[in-house]
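Take a look at the structure set out below.
Residue numbers (our numbering), protein chains in the order written: chain A, 1 to 359; chain B, 360 to 718.
Structural data, given as structure tokens:
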């Protein structure tokens with residue numbers, strides 16, 4: 001039996017469903033991955049009850065971290081951070097901080113999860129603001145890494161540069177893309193090509209030593225033009241949800257067209273294998289598990305509405321991030337970036353006051 | 360025979376293709392609509408040659424407006440506006456300004472089209488900045504009107520309010536929605552709910568007398584939660600292109616799944632009617648024809664890559680806007696808005712300095 005060397009702390013109570021999703025997903029994951037050990041944060045009795053219902057591996061695969069409180073989906077950041085100091089979220093992050101876990105995961109309230117993670121773990125040197133990154137399937141059969149998805153609404157050029165370095169590190173370390181290509185989300189032929197922040201960010205990115213492809217537009221996300229796309233959190237959040245919305249609409253329409261009369265239903269039955277393959281390719285449950293980047297620890301966010309299958313994919317993201325050394329790799333990438341910017345400032349390519357990524 | 364009372368000026372030279380798209384589309388439209396007369400702006404000889412190839416109606420349905428220059432797709436606004444004063448774009452807009460046409464349309468360079476239209480026609484009282492609006496199909500079987508789509512990158516709360524009034528007028532007058540519902544595009548549960556501009560815009564919208572539903576998120580576009588969605592031009596442009604990109608990706612994948620082996624191809628053939636119906640429902644050619652709102656004249660923008668079928672839909676948009684009195688209706692709506700804001704300021708609901716929509 002391999003050593004149980006990857007330890008994941010799970011906020012078992014978070015999400016729209018909570019325990020009936022998180023526990024079965026952890027059990028199934030532990031069965032498939034003999035190297036993984038779970039720290040289950042939450043109400044001990046409720047966790048034990050849920051564990052009874054699932055058949056876990058015979059090995060010693062988990063430990064319970066008691067937590068007396070639960071952050072609700074509509075709790076404010078204030079409440080989550082100041083009033084619920086014994087929440088399952090807080091306990092899961094604390095396990096990473098204390099070195100007892102290598103990664104932590106929650107399907108709860110995104111704002112609270114980000115705030116608690118940031119408060120407990122702090123940001124990496126050179127990073128002002130953590131960002132949320134996820135993968136979006138593209139027509140090339142791969143996935144495009146996109147960030148920020150909602151942690152930062154108002155961004156400076158330097159923040160976008162920080163997102164770029166973190167996103168590139170994620171794509172190269174976890175998705176094994178050598179020198180991932182990087183695009184800056186912008187608008188096209190229309191009246192004004194981008195605002196000031198985006199223009200300045202492009203300048204910094206050209207000097208960054210990253211594999212900067214240039215500006216990309218909205219349709220480049222699904223085209224897979226670049227490996228990583230950077231934008232501010234307002235744009236990223238709206239775009240991600242728009243994409244999910246249109247995919248859902250097309251799925252609904254497709255279902256509608258294949259159920260509207262007997263002939264359509266018959267052909268739909270025959271076409272089922274092809275339609276199922278399509279469904280699997282765009283199934284966003286397979287892309288569950290956004291990474292909260294820029295923190296001194298690996299933190300993963302699952303969709304609140306995830307089922308056990310989707311939550312399993314988010315656990316997989318946590319596992320891969322630990323296995324591939326995301327944290328050390330990101331730290332090294334930031335050091336390299338700083339050197340590139342110092343060189344660029346010395347060569348007069350960028351202003352001196354932009355020579356450090358942190359503001 | 361009905362009176363030919365709707366006059367549309369067409370930039371015949373604009374777009375990726377130009378004459379072979381614009382002329383056949385105008386011919387076909389004139390055949391279907393006996394009330395429409397065209398003013399064809401461009402190179403007279405080239406227009407005549409193209410007209411020879413198409414069988415127009417027997418009635419006197421067109422007039423040629425000679426123009427010696429063409430704005431190219433990559434011409435800067437500067438070049439289009441200052442150096443090409445006899446362009447087909449300029450001549451088409453001028454026809455509206457001179458009262459010879461009721462609307463004008465181009466498939467050319469968006470930035471140039473907007474700049475020329477604004478320069479020649481000027482904005483309506485109470486409107487600082489024109490905006491670009493289009494319809495996006497939603498799962499309810501209708502369409503969501505969205506603006507701005509790229510004319511304005513940096514917006515204040517008052518600009519968003521102006522977009523709201525113009526978009527509502529468009530939806531109520533052209534799409535015949537009584538008191539169209541209005542949403543402000545924002546981000547959801549994440550860390551910070553919207554930036555300052557969006558928060559202030561919500562306050563103004565609540566005082567505006569418009570049918571303001573509140574904040575909406577990206578997935579509400581295709582859900583059809585509201586009739587009109589307002590956002591700044593950067594976000595709108597990126598979202599529109601993202602949506603087009605994901606729809607195209609799913610169409611490509613669908614084609615791929617139905618051609619990968621003999622069985623799939625056979626079922627694909629049987630399923631063709633259902634698949635074609637789906638294609639028609641999401642065919643963005645049917646939604647071609649964005650409106651440039653806030654100008655003292657009706658100005659329509661067709662996709663640059665439109666074929667004659669798509670350009671015909673854009674002509675239809677122009678026709679409907681004239682027929683339903685979009686311009687007068689918008690002017691009345693702005694007057695009503697001003698009254699509402701004055702009342703709200705008098706009642707202390709909004710600050711005094713926000714009581715006029717124009718900044």
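Virtual Cβ for every residue (Gly too), placed ideally from N, Cα, C.
Between the CA atoms of residue j and residue i - distance to the nearest angstrom
{"i": "residue 559(B)", "j": "residue 710(B)", "result": "11 angstroms"}
{"i": "residue 526(B)", "j": "residue 492(B)", "result": "7 angstroms"}
{"i": "residue 41(A)", "j": "residue 104(A)", "result": "10 angstroms"}
{"i": "residue 298(A)", "j": "residue 291(A)", "result": "8 angstroms"}
{"i": "residue 63(A)", "j": "residue 276(A)", "result": "38 angstroms"}
{"i": "residue 206(A)", "j": "residue 647(B)", "result": "36 angstroms"}
{"i": "residue 530(B)", "j": "residue 586(B)", "result": "7 angstroms"}
{"i": "residue 74(A)", "j": "residue 109(A)", "result": "7 angstroms"}
{"i": "residue 144(A)", "j": "residue 570(B)", "result": "38 angstroms"}
{"i": "residue 336(A)", "j": "residue 402(B)", "result": "57 angstroms"}
{"i": "residue 706(B)", "j": "residue 567(B)", "result": "13 angstroms"}
{"i": "residue 20(A)", "j": "residue 56(A)", "result": "14 angstroms"}
{"i": "residue 274(A)", "j": "residue 579(B)", "result": "29 angstroms"}
{"i": "residue 100(A)", "j": "residue 177(A)", "result": "30 angstroms"}
{"i": "residue 523(B)", "j": "residue 13(A)", "result": "41 angstroms"}
{"i": "residue 157(A)", "j": "residue 343(A)", "result": "19 angstroms"}
{"i": "residue 258(A)", "j": "residue 613(B)", "result": "14 angstroms"}
{"i": "residue 173(A)", "j": "residue 182(A)", "result": "15 angstroms"}
Extent of the continuous alpha helix (DSSP H) run through residue i
{"i": "residue 326(A)", "result": "326-346"}
{"i": "residue 51(A)", "result": "44-53"}
{"i": "residue 597(B)", "result": "592-616"}
{"i": "residue 196(A)", "result": "196-206"}
{"i": "residue 474(B)", "result": "469-480"}
{"i": "residue 519(B)", "result": "516-532"}
{"i": "residue 637(B)", "result": "631-641"}
{"i": "residue 221(A)", "result": "220-223"}
{"i": "residue 312(A)", "result": "308-323"}
{"i": "residue 382(B)", "result": "378-391"}
N- and C-terminal bounds of the beta strand (DSSP E) containing residue i
{"i": "residue 136(A)", "result": "131-137"}
{"i": "residue 658(B)", "result": "657-660"}
{"i": "residue 421(B)", "result": "421-425"}
{"i": "residue 7(A)", "result": "6-11"}
{"i": "residue 184(A)", "result": "181-185"}
{"i": "residue 709(B)", "result": "From DSSP, residue 709(B) is part of no beta strand (DSSP E); its letter is neither H nor E."}
{"i": "residue 81(A)", "result": "Where residue 81(A) is concerned, there is no enclosing beta strand (DSSP E), given that its DSSP letter is neither H nor E."}
{"i": "residue 573(B)", "result": "570-575"}
Residue i burial status per 10 Å Cβ neighbour count (16 or more: buried)
{"i": "residue 674(B)", "result": "buried"}
{"i": "residue 721(B)", "result": "In this structure chain B extends from 360 to 718, so residue 721(B) is not present and cannot be described."}
{"i": "residue 472(B)", "result": "buried"}
{"i": "residue 672(B)", "result": "buried"}
{"i": "residue 366(A)", "result": "Because residue 366(A) is not part of the residues shown, which for chain A are 1 to 359, the question remains open."}
{"i": "residue 191(A)", "result": "Confidence at residue 191(A) is low in this model, with a pLDDT of 44, below 50, so the placement of that residue is unreliable and no value is reported for it."}
{"i": "residue 217(A)", "result": "buried"}
{"i": "residue 49(A)", "result": "exposed"}
{"i": "residue 360(A)", "result": "Since the first and last residues shown for chain A are 1 and 359, residue 360(A) lies out of range."}
{"i": "residue 117(A)", "result": "buried"}
{"i": "residue 381(B)", "result": "buried"}
{"i": "residue 131(A)", "result": "buried"}
{"i": "residue 269(A)", "result": "exposed"}
{"i": "residue 58(A)", "result": "exposed"}
{"i": "residue 24(A)", "result": "buried"}
{"i": "residue 385(B)", "result": "buried"}
{"i": "residue 340(A)", "result": "buried"}
{"i": "residue 142(A)", "result": "exposed"}
Residue i (DSSP reduced to helix, strand or coil)
{"i": "residue 95(A)", "result": "helix"}
{"i": "residue 430(B)", "result": "coil"}
{"i": "residue 153(A)", "result": "coil"}
{"i": "residue 417(B)", "result": "coil"}
{"i": "residue 619(B)", "result": "coil"}
heavy atom of the ligand ADP below 6 angstroms from residue i C-beta
{"i": "residue 163(A)", "result": "Among the components of this structure there are no ligands whatsoever, and the ligand ADP is therefore not found."}
When Cβ atoms are compared, which residues of the segment 225-244 of chain A fall closer than 8 angstroms to chain B?
231, 233, 234, 235, 237, 238, 239, 240, 241, 242, 243 and 244
Closer than 9 angstroms, Cβ to Cβ, to anything on chain A: give me those residues from the segment 603-616 of chain B, in chain order.
603, 604, 605, 606, 607, 608, 609, 610, 611, 612, 613, 615 and 616
Looking at chain A, which residues of the segment 663-697 of chain B have a Cβ within less than 9 angstroms of any of its Cβ atoms?
663
Using Cβ-Cβ distances below 9 angstroms, what residues of the segment 127-138 of chain A are close to chain B?
132, 136, 137 and 138
Any residues in the segment 275-290 of chain A with a beta carbon nearer than 7 angstroms to a beta carbon of chain B? Which ones, in chain order?
Within the segment 275-290 of chain A, the qualifying residues are 277, 278, 281 and 282.
Using a Cβ cut-off of 8 angstroms, which residues of the segment 510-521 of chain B contact any Cβ in chain A, in chain order?
510, 511, 512 and 513
Along the segment 447-481 of chain B, what residues have a CB closer than 8 angstroms to any CB found in chain A?
468, 469, 470, 473 and 474
Interfacial residues, the segment 15-30 of chain A to chain B, with Cβ spacing under 7 angstroms:
none
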